[in-house]
Amino acid sequence: MSHDVNNLELDIEFHKIIYSSTQNPFFACIGTAIMTLFKPSIAISNKKHPEVVLANHKKILEAFEHESEEDMADAIRESISKWETLSLQD
28 MSHDVNNLEL DIEFHKIIYS STQNPFFACI GTAIMTLFKP SIAISNKKHP EVVLANHKKI
88 LEAFEHESEE DMADAIRESI SKWETLSLQD
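Just so we're on the same page, our numbering is the position in the sequence shown counted from 1, plus 27.
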């Protein structure tokens with residue numbers, strides 16, 4: 028398995044774990060569908076900007092571990108904003 032494919036699969040698994048942690052099957056299903064829809068763009072982000080992807084995920088995970096809804100919302104908004112910007116550049 029190539030490094031890029033492994034990063035992509037780990038990225039998708041990260042999001043699936045977050046979705047599942049809500050214990051809301053509908054949200055988990057919608058989240059998984061969104062990940063499938065954006066998989067090509069996520070693959071490009073992982074290949075071209077792995078350091079940004081990792082930094083964003085670390086911030087989300089830290090907020091999740093501290094059970095801070097405000098920090099998690101901020102980290103997710105920042106991650107989405109960066110992903111949108113990088114996606115438009117690619």
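Glycine is no exception: its CB is placed at the ideal position from the N, C-alpha and C atoms.
Please classify residue i: does DSSP put it in a helix, a strand, or coil?
i     : result
Ser72 : helix
Phe91 : helix
Phe54 : helix
Thr63 : helix
Cα separation between residue i and residue j?
i     : j     : result
Glu36 : Lys66 : 10 Å
Met99 : Thr59 : 19 Å
Can the beta-carbon of residue i be found less than 8 Å from the beta-carbon of residue j?
i     : j      : result
Ser68 : Ser108 : no
Asn83 : Ser47  : no
Count the other CB atoms within 10 Å of the CB of residue i; is the residue buried (16 or more) or exposed (fewer)?
i     : result
Ile61 : exposed
Asn51 : exposed
Under the assumption that residue i contacts residue j (Cβ atoms under 8 Å), give the Cβ distance between them as a whole number of angstroms.
i     : j     : result
Pro77 : Asn34 : 6 Å
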